[in-house]
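Heads up: take any position in the first sequence, counting from 1, add 458, and you land on my numbering. Even glycine gets a Cβ: it sits at the ideal position worked out from N, Cα and C.
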Amino acid sequence: MRPVILSSCTITPCNLSATATRTFVIFRLRNGKAIAARPSCPARKAPTAIAAWRKTSICFPACARASLPMARKPCAPRLTWLRRILHLRDPVIYRIRHEAHHQAGEAWCIYPMYDFTHCLSDSIEGISHSICTLEFEVHRPLYDWVLDQLPVSQPRPHQHEFSRLNPTYMVMSKRKLRQLVEENHVHGWDDPRMPTLAGYRRRGFTASSIRNFCQGVGVTKFKGVTDVGLLENSIREELNKTAERRCAVLDPLEVVIDNYPEGESEELEAINNPEDEAAGKRALPFGRRLFIERADFMEDPPKKFFRLGPGREVRLRYAYFITCQSVEKDAAGNIQRIHCTYDPETRGGSAPDGRKVKGTLHWVSADHAVDAEVRLYDRLFTEAEPEAEGDFIDCLNPNSLKIITGKLEPSLADLPVGQRVQFERLGYFTPDPKDSAEGQLVFNRIVALRDSWAKQARK
RNA sequence: UGCCCGAUAGUGUAACGGUAGCACGACAGAUUCUGAUUCUGUUUGUCGGGGUUCAAAUCCCUGUCGGGCAACCA
459 MRPVILSSCT ITPCNLSATA TRTFVIFRLR NGKAIAARPS CPARKAPTAI AAWRKTSICF
519 PACARASLPM ARKPCAPRLT WLRRILHLRD PVIYRIRHEA HHQAGEAWCI YPMYDFTHCL
579 SDSIEGISHS ICTLEFEVHR PLYDWVLDQL PVSQPRPHQH EFSRLNPTYM VMSKRKLRQL
639 VEENHVHGWD DPRMPTLAGY RRRGFTASSI RNFCQGVGVT KFKGVTDVGL LENSIREELN
699 KTAERRCAVL DPLEVVIDNY PEGESEELEA INNPEDEAAG KRALPFGRRL FIERADFMED
759 PPKKFFRLGP GREVRLRYAY FITCQSVEKD AAGNIQRIHC TYDPETRGGS APDGRKVKGT
819 LHWVSADHAV DAEVRLYDRL FTEAEPEAEG DFIDCLNPNS LKIITGKLEP SLADLPVGQR
879 VQFERLGYFT PDPKDSAEGQ LVFNRIVALR DSWAKQARK
């Protein structure tokens, strides 16, 4: 083995006296052999007294097992409290474990500790800036110290720490994410609600939107909480420009156009993306029976409601003006369907007489619509900072996933995985890459559109 | 307790010692065949107290608050 590797380690209690427990042992790996050396001075002097270390030979790695029979459990370092820098006080560099390794098997019983490994592997790999999260800040002196003692290539790596990303309504620590997976609060590491790259990808976030978000968040040492709104904004900003528009009704209410001829249909022209003329147009089938969103009709609408209600006229996007004539209910009083009339003069969406309507609704033709499973994802937690108090599991959002069957315009039937579209007035959606199959449509909601009406209605 | 780190608008982030800006949000208005988008405007900030300086978010001292470390984890 060519490189000379030098490390230090605490002594097993069996080998040394009480005072000696405060000394380092060096394993020097040379030509396949390790030489163990022990400084004759207390830890606080060790860094300057390296030259004086007494050497004893230990074969390494082949004989390590045999040579360190009593090292089953290296003693915990006895802290001298003499050094101001904590991590330079008798740091453990190797630990001895007589256990089979999941990969190396029985070959080794010596395992390097993080502080020894991190700086060296950085150096060997030619890392210049070794970036890590804040909790390793106090380890930096040891990181530097080890490299200072060794003939490593120059310039040597430097460790830089920064605060970890901490979005609202989310937990980020691996331990907690694992708990979410193992306790089945989510469906695996790539569940679209997970803040993993696999999850974000499956959800439909683009790489560039995540990069933009990270750029906005920046790299600092300040431990803040970043509003997920920034991420949502980032993906909306991108998809607004790139995603083609489609019509889909997720909570259907049947509309019958009473004065539209029975059994007939026609095709209307819809713009694919108003932000991108090159995206072109497509045909949208229209007929006597349609679906609109339940939320777009109110029998007794409040003042600022612009949508459909008894006697009101609204526009069906790309289609006609319609006026609600009557409401059909079941025995329990639930609205079953509504009856409207349309104005044939308003084909394409504008009236020759110049009259205006307040609302424009999206719709699909009932006879042409295709069904699809649609997964509506929301924030995983109900609290902005789930870890703030108590068990974060307690504030899981029970509505973080709603699965519904939507009515989609027929052009969505063969949307390939990887495509992202805007369902008009609803949000951005993409076929789920795992569960979508031929004839089995599954859509994930990436993010909803901004909805200032919903905000106002909540007041 | 000791040591280390941090603090700029509601949130996040900029500013050779030299005009405190940007994004998101919020609010108001305009445009609109998406209550979307777009556009315009408004709002709110350097943790406190000293000091150095012609000049401090920035340098020094001090306090406060928040976080980390004190493992045979990484």
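#1: Could you give the DSSP three-state label for Ser588: helix, strand or coil?
#2: Here's the rule I'm using: 16 or more other beta-carbon atoms within 10 Å means buried, otherwise exposed. How should Phe680 be labelled?
#3: Going by beta carbon distance, what residues of the same chain come within less than 6 Å of Lys699, once the five residues before and after it are set aside?
#4: Among residues of its own chain, excluding the 5 on either side of Leu870, which ones have a beta-carbon nearer than 6 Å to its beta-carbon?
#5: In the DSSP assignment, the beta strand (DSSP E) including Asn902 goes from what residue to what residue?
#6: Label Thr888 either buried or exposed according to how many other C-beta atoms from any shown protein chain fall within 10 Å of its C-beta, with 16 as the threshold for buried.
#7: Is Asp801 closer than 8 Å to Tyr778 when the C-beta atoms are compared?
#8: Whose C-alpha, out of Arg883, Asp825, Pro760 and Arg770, is nearest the C-alpha of Thr781?
#9: Mapping the DSSP letters down to three states, classify Glu733 as helix, strand or coil.
#10: Helix, strand or coil: which one does DSSP assign to Gln880?
#11: Any idea if Asn928 is buried or exposed, counting beta-carbon neighbours within 10 angstroms, 16 or more meaning buried?
#12: Taking all protein chains shown into account, do 16 or more other C-beta atoms lie within 10 angstroms of the C-beta of Ala524, making it buried, or fewer, making it exposed?
#13: I'd like to know whether the C-beta atoms of Pro710 and Lys865 end up nearer to each other than 8 Å.
#14: Closest to Asp849 by C-alpha separation, out of Val707, Gln637, Leu688 and Ala558, would be which residue?
#15: Suppose you measure from the CA of His826 to the CA of Lys892; what does that come to, to the nearest Å?
#16: Indicate whether Arg651 and Leu838 have their beta-carbon atoms separated by less than 8 Å.
#17: Counting only the same chain and skipping the five closest in sequence on each side, list residues whose C-beta sits under 8 Å from that of Leu635.
#18: In the DSSP output, what is Phe744 paired with across the bridge?
#19: Within 10 angstroms of the Cβ of Ala790, are there 16 or more other Cβ atoms? Answer buried if so, exposed if not.
#20: Grab me the residues of Ile668's own chain with a C-beta within less than 7 Å of its C-beta, minus the 5 sequence neighbours each way, in chain order.
#21: I need the boundaries of the beta strand (DSSP E) containing Pro710, first residue and last residue.
#22: Please state the DSSP three-state secondary structure of Cys853.
#23: Taking all protein chains shown into account, decide if Tyr886 is buried (16 or more other Cβ within 10 angstroms of its Cβ) or exposed.
#24: By alpha-carbon positions, which one of Ser784, Leu774 and Lys762 ends up nearest to Pro768?
#25: Please say whether Thr626 and Glu843 have beta carbons closer to each other than 8 Å?
#26: From Ala846 to Glu803, what distance separates their C-alpha atoms?
#27: Alpha carbon to alpha carbon, what distance is there between Asn624 and Gln617?
#28: Less than 8 Å between the beta carbons of Phe594 and Glu564, yes or no?
#29: Would you report the Cα separation of Leu605 and Glu583, rounded to the nearest angstrom?
#30: Using DSSP bridges, identify the partner residues of Lys787.
#31: Would you kindly work out how many angstroms separate the C-alpha atoms of Gln673 and Arg633, rounded to a whole number?
#32: At the level of alpha carbons, what is the spacing between Arg908 and Asn691?
#33: Is the segment 755-763 close to the segment 734-746, with three or more CB pairs under 8 Å?
#34: Please confirm whether Leu899 and Val828 have their CB atoms less than 8 Å apart.
#35: Identify the residues that DSSP records as bridge partners of Arg703: which are they?
#36: So is Gln880 buried or exposed if we call it buried at 16+ other beta carbons inside 10 Å?
If we stick to the structure as given:
#1: Three-state result, Ser588: strand.
#2: The residue in question, Phe680, is exposed, as its Cβ has fewer than 16 Cβ neighbours within 10 Å.
#3: Closer than 6 Å at Cβ, skipping near neighbours: Glu733.
#4: Closer than 6 Å at Cβ, skipping near neighbours: Arg704.
#5: Asn902 -> beta strand (DSSP E) spans Val900 to Ala906.
#6: Buried: at least 16 other Cβ atoms inside 10 Å.
#7: Between Tyr778 and Asp801, the CB-CB gap stays under 8 Å.
#8: When C-alpha distances from Thr781 are compared across Arg883, Asp825, Pro760 and Arg770, the shortest belongs to Arg770.
#9: Residue state, collapsed to three classes: coil.
#10: Strand, per DSSP.
#11: The question about residue 928 has no answer, for the chain in this structure spans 459 to 917.
#12: Summary for Ala524: the model assigns pLDDT 35, below 50, so the residue's position carries little reliability, and this model does not support an answer.
#13: Inclusion of Pro710 and Lys865 in the CB contact set at 8 Å is warranted, their separation being smaller than that value.
#14: Of the residues Val707, Gln637, Leu688 and Ala558, the one whose Cα lies closest to the Cα of Asp849 is Gln637.
#15: Straight-line Cα distance between these residues: approximately 26 Å.
#16: A contact, by the Cβ cut-off of 8 Å.
#17: Excluding sequence neighbours, Leu635 sits near Val629, Trp647, Met652, Pro653 and Thr654.
#18: Answer by DSSP bridge pairing, in chain order: Glu724.
#19: Around the beta-carbon of Ala790, fewer than 16 other beta-carbon atoms lie within 10 Å, marking it exposed.
#20: Excluding residues up to 5 positions away in sequence, Tyr658 lie with their Cβ nearer than 7 Å to the Cβ of Ile668 in the same chain.
#21: Taken as a continuous stretch (DSSP letters only), the beta strand (DSSP E) holding Pro710 covers Pro710 to Ile715.
#22: Helix at Cys853.
#23: Looking at its Cβ environment, which holds 16 or more other Cβ atoms inside 10 Å, Tyr886 is buried.
#24: Each of Ser784, Leu774 and Lys762 was checked against the Cα of Pro768, and the nearest Cα belongs to Ser784.
#25: Cβ distance < 8 Å, so Glu843 and Thr626 count as in contact.
#26: Cα atoms of Ala846 and Glu803: separation of roughly 59 Å, rounded to the nearest angstrom.
#27: Distance between the alpha carbons of Gln617 and Asn624: 21 Å.
#28: Result no, Cβ atoms of Phe594 and Glu564 do not sit closer than 8 Å.
#29: Answer to the nearest angstrom: the Cα atoms are 14 Å apart.
#30: For Lys787, the pairing in a beta bridge is given by DSSP as Ile793.
#31: Distance between the alpha carbons of Gln673 and Arg633 is about 26 Å.
#32: Each residue's Cα considered, the two are about 9 Å apart.
#33: Contact between the segment 755-763 and the segment 734-746 is absent, because fewer than three Cβ pairs lie under 8 Å.
#34: Yes, Cβ-Cβ distance for Leu899 and Val828 is below 8 Å.
#35: Per DSSP, Gln880.
#36: That one is buried.
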